[in-house]
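Single-structure report; data block below.
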Amino acid sequence: MNEPLQSMLLIAGTLLAVIAVAAVVFVLIVKIQTASRRRRIEGYGRESEQRIDALLRKNFTDNAVMSGVYLPYLRSKDGKHAEIDHLVINRSGVYVIEVKSHNGFIRCPDEKMWWQTYNDKKISFYNPIRQNHTHTKIVSEILRSEGQYNVPVYSVVVFTSRRVTFSEKHDNVIGGDQLVPYIRRTGRKNALSTSQVGRVRRIIKDHAAKDRSTARRHRANVRGHKR
């Protein structure tokens, strides 16, 4: 092999190695940024849920409030669970509360996906009304499976940020400061007897997952769907 050709091959090999290293570094940077952004978003979500938990416990008895509840899909064969942010159980019924921490303008049509526009960035996320409708169905099915057929179950979606606006109005999509008044005015007072309320609470507690591994599996599944 002549010397010029050898030099060209050496240069080409060096360039390929540099490109390969640059590609690996780029992928690592993207993964680190994605993981950091996910942790930041999850942190905002946890903080919002903690604020709502404190708000509920301030205005209702501790027995009436359940937070971070993992309930099973009764028809699931693979042990699938749904994470319910908060439940309020009182004589008016069961309030299933989904908490969101999004900012900016939310386009919220009656479709599968909603869109958040904030700082010139547009991000899609699953329609929380549909998401929480599934949660209310799970709660209702669990109660019916235990003979509780006439328990009112209400869906409430709460956006905790004060820097959020919506393209459309939905009666059960509210701000954090509206949550307690919403619960107090919604539903029929004394729809359940005191003993029924106690039974409903016990049923929910009995069906709720007790181990942390369920929460870890659920969050891993959610992350997998977002990729």
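Per this note's numbering, the very first residue in the sequence shown carries number 1; after that it's consecutive.
Glycine residues also receive a C-beta, built at the ideal position from the N, C-alpha and C atoms.
| task | Return the CA-CA distance between residue 153 and residue 96, expressed in angstroms with no decimal places. | result | Distance between residue 153 and residue 96, taken at the CA atoms: about 7 angstroms.
| message | Here's a check: name, in chain order, each residue in its chain whose Cβ is nearer than 7 angstroms to the Cβ of residue 209, leaving out the five neighbours to either side. | response | If you ignore the 5 residues before and after residue 209, its C-beta comes within less than 7 angstroms of the C-beta of 70, 81, all in its own chain and listed in chain order.
| field | Member of 63, 155, 117, 47 whose CA lies at the smallest distance from the CA of residue 200 | value | Distance check between residue 200 and each of 63, 155, 117, 47 places 63 closest, using alpha-carbon atoms only.
| query | What's the call for residue 170, buried or exposed, on a 16-neighbour Cβ count within 10 Å? | reply | So residue 170 counts as exposed.
| task | Check whether the region 115 to 134 touches the region 189 to 196, counting contact only when three or more Cβ pairs, one atom from each stretch, lie closer than 8 angstroms. | result | Pairwise C-beta distances place the region 115 to 134 out of contact with the region 189 to 196, as fewer than three of them are shorter than 8 angstroms.
| query | Within the chosen definition, does the region 85 to 103 reach the region 153 to 164 through at least 3 CB pairs nearer than 8 angstroms? | reply | The region 85 to 103 vs the region 153 to 164: in contact.
| query | Among the residues of its own chain, which have a CB less than 7 angstroms from the CB of residue 148, if the five just before and after it don't count? | reply | Cβ within range, chain order: 199, 200, 203.
| message | Distance check for residue 159 and residue 117, CA to CA, integer angstroms please. | response | Cα-Cα distance, rounded: 15 angstroms.
| field | Beta bridge counterpart(s) of residue 124 as assigned by DSSP | value | BP columns for residue 124 point to 115.
| In angstroms, rounded to a whole number, what distance separates the CA positions of residue 94 and residue 151? | Going from the Cα of residue 94 to the Cα of residue 151 covers about 7 angstroms.
| message | If you measure between the beta carbons of residue 156 and residue 138, is that distance less than 8 angstroms? | response | If you check the CB distance, residue 156 and residue 138 do not come in under 8 angstroms.
| field | residue 151 (DSSP reduced to helix, strand or coil) | value | In this structure, residue 151 counts as coil in the three-state DSSP scheme.
| field | Three-way DSSP call (helix, strand, coil) for residue 110 in this model | value | Coil.
| request: Enumerate in chain order the residues of its own chain whose CB-to-CB distance from residue 47 is below 7 angstroms, with the five nearest sequence positions on each side excluded. | output: Excluding residues within five positions, none has a Cβ falling inside 7 angstroms.
| request: Kindly indicate which residue of 83, 142, 53 has the alpha-carbon position closest to the one of residue 206. | output: The option with the nearest alpha carbon to residue 206 is 142.
| said: What would DSSP say about residue 71, mapped onto helix, strand or coil? | reply: For residue 71, the secondary structure class from DSSP, reduced to helix, strand or coil, is strand.
| Going along the chain, which residues of its own chain have a beta-carbon closer than 7 angstroms to the beta-carbon of residue 191, five neighbours each way excluded? | Taken in chain order, the residues that qualify are 91, 92, 93, 152.
| query | Which residues in the same chain as residue 126 place their Cβ atom closer than 8 angstroms to its Cβ, once the five residues preceding and following it in sequence are excluded? | reply | When the five nearest sequence neighbours on each side are left out, the beta carbons in the same chain lying within less than 8 angstroms of the beta carbon of residue 126 are those of 112, 113, 114, in order along the chain.
| query | Considering only C-alpha positions, which residue in the set 16, 66, 134 is nearest to residue 89? | reply | Of the candidates 16, 66, 134, the one whose C-alpha sits nearest the C-alpha of residue 89 is 66.
| At what residues does the alpha helix (DSSP H) containing residue 206 begin and finish? | Under the DSSP assignment, residue 206 falls in the alpha helix (DSSP H) whose first and last residues are 194 to 207.
| Limits of the alpha helix (DSSP H) - the one that residue 184 falls within | That run of the alpha helix (DSSP H) goes 179 to 185.
| field | Contacting residues, own chain, Cβ-Cβ under 8 angstroms from residue 134 (five flanking each side not counted) | value | If we look at residue 134 and ignore the five residues flanking it on each side, its Cβ neighbours are 82.
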